[in-house]
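The numbering of the sequence shown is our numbering, which starts it at 1 and goes up by one. For every residue, glycine included, the Cβ atom is placed at its ideal position computed from N, Cα and C.
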Amino acid sequence: METFEDDLKAVVLQLFDIGALKFGDFKMKVGINSPVYFDLRVMVSYPPLMEKLANLVWTYAQHKGIKSTVLCGVPYTALPVATLVSVKSGLPMLIRRKEPKAYGTMKLIEGKFNPGEECLIIEDVVTSGGSILETANDLKKDGLVVKDAVIMVDREQGGIRNLTDNGINMHSILTLSKALSILLESGKLDQTKVDEVKAYIEANQIFPNGDLIPKS
1 METFEDDLKA
11 VVLQLFDIGA
21 LKFGDFKMKV
31 GINSPVYFDL
41 RVMVSYPPLM
51 EKLANLVWTY
61 AQHKGIKSTV
71 LCGVPYTALP
81 VATLVSVKSG
91 LPMLIRRKEP
101 KAYGTMKLIE
111 GKFNPGEECL
121 IIEDVVTSGG
131 SILETANDLK
141 KDGLVVKDAV
151 IMVDREQGGI
161 RNLTDNGINM
171 HSILTLSKAL
181 SILLESGKLD
191 QTKVDEVKAY
201 IEANQIFPNG
211 DLIPKS
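This is the structure in structure tokens:
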């Protein structure tokens with residue numbers, strides 16, 4: 001997958017250049033601070049980047065032999081890329097609302113599907129995996145089967161462990177460690193910053209509820 005790796009490197013460098021991958025001191029959704037932050041919301045302003053990410057996601061899903069018949073992006077940042085994957089692959093897309101409509105059909109899951117169908121979840125960034133578990137639970141309530149999730153970025157802070165414990169295979173096209181290596185090799189980061197972020201990752205493994213996973 002040489003072309004895949006070349007495209008992945010180009011994506012990482014572009015994410016850094018447009019400020020979608022930042023280094024500093026950031027408050028995370030799970031309640032702790034982090035020296036690195038992925039803000040992939042900005043990618044909606046860069047259609048070629050979104051298309052490249054969608055191609056990487058679908059290529060990786062095929063490489064892993066995922067056989068889902070529908071897909072669902074975790075709301076809301078993953079929705080643009082999930083939409084492009086749906087168009088590229090021909091897989092029907094579902095939309096999970098964060099809250100049911102208060103009128104009309106009052107559905108939580110929008111789209112056409114049959115109970116028993118297997119749904120692939122697409123997510124932008126995973127820390128603990130909590131958002132994927134929330135989405136999977138709502139999909140399962142409507143009779144869908146969730147076995148796999150393809151992730152654009154794995155922060156390596158417990159997501160794989162938490163999803164595996166809940167019966168979901170997590171497939172990441174990019175890990176934080178890989179991104180750090182690319183930025184180091186490209187002269188965007190120095191070794192001191194890389195070591196700082198890696199130490200943070202090791203010290204901050206997180207359960208889906210935001211609690212730190214005790215070191216074994």
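Between the Cα of residue i and those of the options, spot the shortest distance and give me the residue it belongs to.
i      : options                           : result
Pro47  : His63, Cys72, Thr83 and Trp58     : Thr83
Glu134 : Val44, Phe16, Leu108 and Phe38    : Leu108
Pro75  : Ile132, Lys147, Lys64 and Ser177  : Ile132
Val146 : Asp154, Ile121, Leu8 and Glu156   : Ile121
Ala61  : Ser186, Ala149, Ala199 and Lys193 : Ala149
Ser89  : Met170, Arg96 and Glu51           : Glu51
Lys141 : Pro115, Ser186 and Leu15          : Pro115
Asp124 : Glu110, Phe4, Phe38 and Ala179    : Phe38
Spatial neighbours of residue i within its chain, please: CB distance less than 8 Å, with the 5 preceding and 5 following residues excluded, ordered by chain position.
i      : result
Gln191 : Leu184
Taking the continuous alpha helix (DSSP H) assigned at residue i, which residues delimit it?
i     : result
Ala10 : Glu2 to Asp17
Lys50 : First, the residue type needs correcting, since residue 50 is Met and not Lys in the sequence shown. Pro47 to His63 is the span of the alpha helix (DSSP H), which, as asked, contains Met50.
Taking the C-alpha atoms as reference points, what is the distance between residue i and residue j?
i      : j      : result
Phe113 : Leu40  : 28 Å
Pro92  : Ser181 : 36 Å
Gly130 : Thr69  : 23 Å
Glu118 : Thr164 : 17 Å
Ile160 : Met152 : 13 Å
Leu79  : Asp195 : 33 Å
Val12  : Asn166 : 30 Å
Check for me: the beta strand (DSSP E) holding residue i runs from which residue to which?
i      : result
Met152 : Asp148 to Asp154
Ile206 : Here Ile206 belongs to no beta strand (DSSP E), and DSSP marks it neither H nor E.
Gly219 : Residue 219 falls outside the range modelled here, since the chain spans only 1 to 216, and no answer is possible.
Asp25  : Leu21 to Lys27
Ser34  : Asn33 to Phe38
Once you ignore the five residues that flank residue i on each side, which residues in its own chain have a CB closer than 6 Å to its CB?
i      : result
Ser34  : Phe26 and Met28
Gly158 : Ser128, Gln205, Ile206 and Ile213
Asp154 : Val126, Ser172 and Thr175
Any idea if residue i is buried or exposed, counting beta-carbon neighbours within 10 angstroms, 16 or more meaning buried?
i      : result
Met106 : exposed
Met162 : Looking at the sequence provided, one finds Asn at residue 162 rather than Met. Burial call: buried.
Ala136 : buried
Val85  : buried
Asp17  : exposed
Gly24  : exposed
Leaving out five residues on either side along the sequence, give the residues of the same chain with a beta carbon under 7 Å from the beta carbon of residue i.
i     : result
Lys98 : Pro75
Ile66 : Leu120 and Asp148
Quick check on residue i - is its C-beta less than 8 Å from some C-beta in chain C?
i      : result
Asp190 : Any reference to chain C falls outside this structure, which holds one protein chain only.
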